[in-house]
Amino acid sequence: AQSVTQLGSHVSVSEGALVLLRCNYSSSVPPYLFWYVQYPNQGLQLLLKYTSAATLVKGINGFEAEFKKSETSFHLTKPSAHMSDAAEYFCAVSDRVFGNEKLTFGTGTRLTIIP
Amino acid sequence: DTGVSQDPRHKITKRGQNVTFRCDPISEHNRLYWYRQTLGQGPEFLTYFQNEAQLEKSRLLSDRFSAERPKGSFSTLEIQRTEQGDSAMYLCASSLGQGSTEKLFFGSGTQLSVL
């Protein structure tokens, strides 16, 4: 069964600094990978997804992620953090097997931005 | 696009009581998902529908849980004889199309507290 592991339940960065949120996956078949963000009192929103096209995926709000098969990783980055990026971020994996089309989420990383 | 709406936002109940939650997906979306999220964890898959057909149920979903999606529109999730371990945020999501890559649109969830 597929799974994802998010390293670091809490990450703090200064405003303007690089954001790096780590995600490693485990899957028996080439996976589809996603990053979702959850702002306080709001539903989860899709940031970006990898579906085996380009390995570097650009998403909304300046975020991007790179799929690295050799490292089984899909880390999320943003060059310059903004106060509005403070939220909880979830990495998720979906198997490519027909009939197993659900997302398996990681435990999340809470991002705090220091002014 | 009014988004995915869930009702109620909060539910407090006593152990042993039955509760029912409602989810209204985005109107043209054919897929509807239920997830459960506890504090410090990512969302866990419970079940999903394609139109009115329930296609998959998680092993997490005991026989006290039942979900319906009559006519392929709104969905209800009922928990019978609630237990304290059922306390969680129950999330609904919807998507358009088939397959593992569609973007999920999440509601804000129903927070259940079982006393």
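Chains as they are written, first to last, in our numbering: chain Y, -7 to 107; chain W, 127 to 241. We put the beta carbon where it would ideally sit given N, CA and C, even for glycine.
Selection from the options that minimises the alpha carbon distance to residue i
{"i": "CYS15/Y", "options": "SER65/Y, ASP87/Y, LYS94/Y", "result": "SER65/Y"}
{"i": "ARG102/Y", "options": "ALA46/Y, LEU12/Y, GLN(-6)/Y", "result": "LEU12/Y"}
{"i": "SER184/W", "options": "ASN177/W, ALA193/W, GLU178/W", "result": "ALA193/W"}
{"i": "TYR42/Y", "options": "LEU36/Y, GLN34/Y, ASN33/Y, PHE59/Y", "result": "PHE59/Y"}
{"i": "ALA45/Y", "options": "LEU25/Y, ALA9/Y, LEU36/Y", "result": "LEU25/Y"}
{"i": "LEU238/W", "options": "SER153/W, TYR161/W, PHE231/W", "result": "TYR161/W"}
{"i": "THR47/Y", "options": "LEU38/Y, LEU36/Y, ALA57/Y", "result": "ALA57/Y"}
{"i": "MET75/Y", "options": "GLN34/Y, ILE106/Y, THR99/Y", "result": "ILE106/Y"}
{"i": "LEU39/Y", "options": "LEU230/W, LYS137/W, SER188/W", "result": "LEU230/W"}
{"i": "TYR159/W", "options": "GLU182/W, LEU165/W, ILE205/W, LYS137/W", "result": "GLU182/W"}
{"i": "ARG190/W", "options": "GLN180/W, LEU222/W, ASP212/W", "result": "ASP212/W"}
{"i": "ILE205/W", "options": "LEU217/W, LEU241/W, SER188/W, GLY198/W", "result": "SER188/W"}
{"i": "GLU93/Y", "options": "TYR174/W, LEU241/W, VAL240/W", "result": "TYR174/W"}
{"i": "GLN180/W", "options": "LEU165/W, GLY198/W, LEU241/W", "result": "GLY198/W"}
{"i": "GLY223/W", "options": "LYS137/W, HIS136/W, SER153/W", "result": "SER153/W"}
{"i": "LEU10/Y", "options": "ASP77/Y, VAL(-4)/Y, PHE82/Y", "result": "ASP77/Y"}
{"i": "VAL240/W", "options": "CYS218/W, GLN210/W, THR227/W, LEU217/W", "result": "GLN210/W"}
{"i": "LEU217/W", "options": "PHE82/Y, LEU36/Y, SER(-5)/Y", "result": "LEU36/Y"}
Whether residue i touches residue j by CB criterion (8 Å)
{"i": "THR236/W", "j": "PRO134/W", "result": "yes"}
{"i": "THR69/Y", "j": "SER4/Y", "result": "no"}
{"i": "LEU95/Y", "j": "ALA84/Y", "result": "yes"}
{"i": "SER234/W", "j": "HIS155/W", "result": "no"}
{"i": "GLN176/W", "j": "MET215/W", "result": "no"}
{"i": "GLN132/W", "j": "ARG148/W", "result": "yes"}
{"i": "VAL130/W", "j": "PHE232/W", "result": "yes"}
{"i": "SER72/Y", "j": "GLY0/Y", "result": "no"}
{"i": "THR99/Y", "j": "GLN34/Y", "result": "no"}
Supposed contact pair residue j and residue i - C-beta distance, whole angstroms, cut 8 Å
{"i": "THR128/W", "j": "THR208/W", "result": "Actually they do not touch by this definition, with Cβ atoms about 30 Å apart."}
{"i": "PRO196/W", "j": "GLU178/W", "result": "6 Å"}
{"i": "PRO119/Y", "j": "SER86/Y", "result": "Because chain Y spans -7 through 107 in this model, residue 119/Y falls outside it and cannot be assessed."}
The stretch 6 to 24 of chain Y / the stretch 55 to 72 of chain Y touching (three or more Cβ pairs under 8 Å): yes
Counting pairs of Cβ atoms below 8 Å between the stretch 131 to 145 of chain W and the stretch 157 to 174 of chain W, do you hit three or more? no
Does the count of Cβ pairs from the stretch 48 to 62 of chain Y and the stretch 25 to 35 of chain Y closer than 8 Å reach three? yes
Using a Cβ-Cβ cut-off of less than 9 Å, give me the residues of the stretch 26 to 45 of chain Y that come near chain C, in sequence order. In the structure shown, chain C cannot be found, because the protein chains are Y and W.
Beta strand (DSSP E) runs wholly inside the stretch 9 to 75 of chain Y, at least 3 long, in chain order: 11 to 18, 24 to 30, 37 to 42, 48 to 50, 56 to 60, 65 to 70
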